[in-house]
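**Student:** Residue numbers (this note's numbering), protein chains in the order written: chain A, 35 to 298; chain B, 30 to 275.
Quick reminder that beta carbons are idealized off the backbone N, C-alpha and C, glycines included.
Pasting in a structure now, in structure tokens, and then I'll have a few things to ask.
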């Protein structure tokens with residue numbers, strides 16, 4: 035966006051927020067409507083498609099057998115990758131992952147890894163030789179802001195929906211036996227992202243809001259309300275007070291959002 | 030490292046493996062103006078971490094299309110030397126280094142008057158020569174000094190420090206072992222005069238109360254480091270003045 039347009043837009047958005055309103059009529063800490071479908075890709079071992087307002091993310095889980103990292107010979111491997119597919123936004127270009135897609139993948143990765151959602155110690159087949167590798171591929175289909183929360187919800191939902199082949203070790207060989215087993219999932223990380231615009235905090239920013247925000251703060255919460263990952267982004271700053279406030283609001287909101295993902 | 034793990038990171042008296050108290054920083058040594066080709070440079074040793082930072086610019090933006098009409102472009106590369114860690118690291122930038130380059134840039138940008146130099150680029154290079162935990166924070170601390178050494182107008186210095194939880198206790202400025210075996214790590218960067226937090230990340234598990242305490246602990250570390258930064262800068266100019274007078 036050109037800097038002149040951005041300044042005009044920022045004024046409009048900031049004025050709305052000062053009155054407790056948003057461009058789309060939401061409250062300052064209200065998330066857009068979440069629509070979730072699971073099992074949308076039959077070839078993937080797990081999948082989920084999330085719509086957060088007009089933002090849309092598809093996550094596919096692929097399961098493979100491979101060698102573990104040398105420092106963790108008895109643990110399965112988690113790999114998260116994000117693709118900002120060119121069809122999703124005029125600002126996305128084909129090519130190797132840029133810093134934005136790497137950051138997105140690493141924020142989602144951190145939430146899953148640190149909450150110990152996947153019990154990697156249960157995913158070893160032969161110590162040091164063969165373990166289960168869980169590939170989480172985030173595929174952004176339409177970008178209307180807050181890719182992080184949408185991707186994190188989709189990843190958690192897809193993992194809960196993942197059935198892996200029934201592997202067994204027989205005479206030193208890995209065999210696929212008949213049937214499938216559920217991928218064990220022990221935690222359900224949910225990310226809550228805030229944007230700061232003209233000194234005020236909002237949750238779940240739209241693309242237009244992200245284009246004028248000073249800074250961004252994502253906090254990921256586990257099912258017990260603990261924080262398991264944080265990432266500040268953008269070229270502005272936060273005060274300690276804002277950070278503590280965000281943690282409190284984020285904790286409440288994550289519990290609400292989790293209800294969409296984990297049906298119990 | 031397998032087989033090298035400590036049984037305990039913190040002993041009964043609350044002393045850490047390297048003898049530090051829980052709220053104690055690692056020994057820090059900083060120098061500015063260490064490279065003759067760069068417009069500004071600085072070097073830091075924090076415990077076993079050894080990091081060099083250099084600033085070139087403001088200069089013509091390269092590639093040109095990246096230049097911004099209303100302010101300077103800040104470009105930052107955080108990079109680890111292949112020999113800086115136990116297992117040789119490939120010199121090609123890893124995904125971790127790409128992410129850290131981004132968060133460091135965003136931690137320093139609020140401090141710089143980029144609007145003074147439209148259409149130019151300020152290029153910042155951070156080379157980790159030896160890593161032992163907390164390299165992104167030490168990288169920010171040393172990069173802020175390199176920017177100041179380059180004479181780039183800044184609102185404030187940026188000082189960074191991590192705090193976390195190891196062996197169930199909150200501790201300041203985690204070493205590599207404490208970070209890897211501990212329960213949580215929170216790197217924080219601060220512009221102390223305005224109490225502006227410009228970097229905040231976390232991995233691990235903390236409840237809200239522990240989180241707030243840990244961030245506060247990290248902030249005390251930032252403030253101590255800020256003092257060292259200022260002393261280092263002052264010492265350089267006092268030394269220059271004395272040289273001139275002689």
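Counting only the same chain and skipping the five closest in sequence on each side, list residues whose C-beta sits under 6 angstroms from that of residue 254/B.
**Tutor:** Your numbering for residue 254/B matches position 225 in the second chain. So the qualifying residues of the chain are 170, 188, 190.
**Student:** Helix, strand or coil for residue 284/A? Go by DSSP, reduced to three states.
**Tutor:** Locating residue 284/A in the first chain gives position 250, counting from the first residue. Correct three-state label for residue 284/A: helix.
**Student:** At a CB-CB cut-off below 9 angstroms, which residues of chain B make contact with residue 274/A?
**Tutor:** Reading the first chain from its first residue, position 240 is the one you call residue 274/A. What residue 274/A touches in chain B: 224, 226, 241, 244, 245, 248.
**Student:** Rounded to a whole number of angstroms, what is the C-alpha to C-alpha distance between residue 32/B and residue 104/A?
**Tutor:** Within the second chain, residue 32/B is the residue found at index 3, counting from 1. Within the first chain, residue 104/A is the residue found at index 70, counting from 1. Its pLDDT being 40, under 50, residue 32/B is placed unreliably in this model, and the value from its coordinates should be taken loosely. Roughly 12 angstroms separates the two Cα atoms.
**Student:** Which runs of the beta strand (DSSP E), 3 residues or longer, sit entirely within the region 86–161 of chain A?
**Tutor:** As far as the region 86–161 of chain A is concerned, its whole beta strand (DSSP E) runs of at least 3 residues are 89–100, 111–118, 158–160.
**Student:** Shorter than 8 angstroms from the beta carbon of residue 234/B to some beta carbon of chain A?
**Tutor:** Locating residue 234/B in the second chain gives position 205, counting from the first residue. Yes, because at least one Cβ of chain A sits closer than 8 angstroms to the Cβ of residue 234/B.
**Student:** How many Å lie between residue 27/A and residue 154/A at the Cα?
**Tutor:** Given a span of 35 to 298 for chain A in the structure shown, any question on residue 27/A remains unanswerable.
**Student:** Inspect the beta-carbon positions of residue 242/B and residue 199/B and report whether they are closer than 8 angstroms.
**Tutor:** Numbered from 1 along the second chain, position 213 holds the residue referred to as residue 242/B. Numbered from 1 along the second chain, position 170 holds the residue referred to as residue 199/B. Result yes, Cβ atoms of residue 242/B and residue 199/B sit closer than 8 angstroms.
**Student:** Mind checking which residues open and close the beta strand (DSSP E) that includes residue 181/B?
**Tutor:** Position 152 of the second chain, counted from the first residue, corresponds to residue 181/B. From DSSP, residue 181/B is part of no beta strand (DSSP E); its letter is neither H nor E.
**Student:** Specify, as a first and last residue, the run of the alpha helix (DSSP H) that residue 214/B falls within.
**Tutor:** In the second chain, counting from the first residue as 1, residue 214/B sits at position 185. Where residue 214/B is concerned, there is no enclosing alpha helix (DSSP H), although the beta strand (DSSP E) it sits in stretches over 213–220.
**Student:** Quick one: what's residue 194/B bridged to in DSSP?
**Tutor:** Taking the first residue of the second chain as 1, we reach residue 194/B at position 165. Answer by DSSP bridge pairing, in chain order: 199/B, 213/B.
**Student:** Let me know the alpha helix (DSSP H) ranges lying completely inside the region 178–204 of chain A, each 4 residues or longer, listed in chain order.
**Tutor:** DSSP runs (the alpha helix (DSSP H)) wholly in the region 178–204 of chain A: 181–194.
**Student:** With DSSP as the reference, label residue 48/B as helix, strand or coil.
**Tutor:** As a working note, residue 48/B is residue 19 in the second chain. The answer is coil: DSSP assigns residue 48/B none of H, G, I, E or B.
**Student:** Would you list the one or two residues that DSSP bridges to residue 149/B?
**Tutor:** As a position in the second chain, residue 149/B is number 120, starting the count at 1. Per DSSP, 89/B.
**Student:** Candidates 214/B, 183/B, 246/B, 235/B: which alpha carbon is nearest residue 222/B's?
**Tutor:** Position 193 of the second chain, counting from 1, holds the residue named residue 222/B. Residue 183/B is the option with its Cα nearest to residue 222/B.
**Student:** Between 176/A, 194/A, 120/A, 123/A, which lies nearest to residue 221/A when the distance is taken from Cα to Cα?
**Tutor:** Translated into positions along the first chain, residue 221/A becomes position 187. When each option's Cα is compared against that of residue 221/A, the closest is 194/A.
**Student:** Could you have a look at residue 39/A and say whether DSSP puts it in helix, strand or coil?
**Tutor:** Locating residue 39/A in the first chain gives position 5, where the first residue counts as 1. DSSP places residue 39/A in helix when its eight states are reduced to three.
**Student:** Below 8 angstroms, can you find three or more Cβ-Cβ pairs linking the region 80–97 of chain A to the region 189–206 of chain A?
**Tutor:** Because the criterion of three Cβ pairs below 8 angstroms is met, the region 80–97 of chain A and the region 189–206 of chain A touch.
**Student:** With a cut-off of 8 angstroms on the beta carbons, I'd call residue 236/B and residue 115/A a contact; round off their distance for me.
**Tutor:** Numbered from 1 along the second chain, position 207 holds the residue referred to as residue 236/B. Numbered from 1 along the first chain, position 81 holds the residue referred to as residue 115/A. Contact doesn't hold; Cβ gap of about 31 angstroms is too wide.
**Student:** Note down the Cα distance separating residue 287/A from residue 256/B, rounded to an integer number of angstroms.
**Tutor:** For the purposes of this step, residue 287/A is taken as the residue at position 253 of the first chain. For the purposes of this step, residue 256/B is taken as the residue at position 227 of the second chain. C-alpha separation (whole angstroms): 39 angstroms.
**Student:** Thinking residue 177/A and residue 135/A are a contact (beta carbons under 8 angstroms), I'd like their distance in whole angstroms, please.
**Tutor:** Looking up residue 177/A in the first chain gives position 143. Looking up residue 135/A in the first chain gives position 101. Contact doesn't hold; Cβ gap of about 11 angstroms is too wide.
**Student:** Examine chain B for any beta-carbon lying closer than 8 angstroms to the beta-carbon of residue 227/A, and answer yes or no.
**Tutor:** By one-based count along the first chain, residue 227/A stands at place 193. No, no contact with chain B.
**Student:** With residue 259/B as the anchor, note down where its beta strand (DSSP E) starts and where it stops.
**Tutor:** By 1-based counting over the second chain, the position of residue 259/B is 230. Residue 259/B -> not in any beta strand (DSSP E); alpha helix (DSSP H) instead, spanning 237–274.
**Student:** Determine the direct distance from the alpha carbon of residue 112/B to that of residue 173/A, and round the result to whole angstroms.
**Tutor:** Against the first chain, residue 173/A aligns to sequence position 139. Against the second chain, residue 112/B aligns to sequence position 83. Those two C-alpha atoms are separated by around 35 angstroms.
**Student:** Here's the rule I'm using: 16 or more other beta-carbon atoms within 10 Å means buried, otherwise exposed. How should residue 142/B be labelled?
**Tutor:** Against the second chain, residue 142/B aligns to sequence position 113. That one is exposed.
**Student:** Judging by CA-CA distance, which residue of 297/A, 234/A, 266/A is the nearest neighbour of residue 54/A?
**Tutor:** Numbered from 1 along the first chain, position 20 holds the residue referred to as residue 54/A. The shortest Cα separation from residue 54/A among 297/A, 234/A, 266/A belongs to 234/A.
**Student:** When you compare the CB of residue 231/B with every CB in chain A, is at least one pair closer than 8 angstroms?
**Tutor:** Counting from one through the second chain, the residue named residue 231/B turns up at place 202. Yes, residue 231/B counts as interfacial toward chain A.
**Student:** Any C-beta of chain B sitting closer than 8 angstroms to the C-beta of residue 285/A?
**Tutor:** Counted from its first residue, the first chain places residue 285/A at position 251. Yes, residue 285/A counts as interfacial toward chain B.
**Student:** Quick check: does the Cβ of residue 142/B come within less than 7 angstroms of any heavy atom belonging to the ligand FMN?
**Tutor:** This structure does not include the ligand FMN; it has no bound ligands of any sort.
**Student:** Quick check on residue 139/B - is its C-beta less than 8 angstroms from some C-beta in chain A?
**Tutor:** The count along the second chain starts at 1 and reaches residue 139/B at position 110. Judged by the 8 angstroms Cβ criterion, residue 139/B is in contact with chain A.
**Student:** Specify, as a first and last residue, the run of the beta strand (DSSP E) that residue 174/A falls within.
**Tutor:** On the first chain, position 140 is the one that residue 174/A refers to. 164–176 is the span of the beta strand (DSSP E), which, as asked, contains residue 174/A.
**Student:** Given this structure, state the Cα-to-Cα distance separating residue 94/A from residue 170/A, to the nearest angstrom.
**Tutor:** In the first chain, counting from the first residue as 1, residue 94/A sits at position 60. In the first chain, counting from the first residue as 1, residue 170/A sits at position 136. Near 6 angstroms, if we compare the C-alpha coordinates of residue 170/A and residue 94/A.
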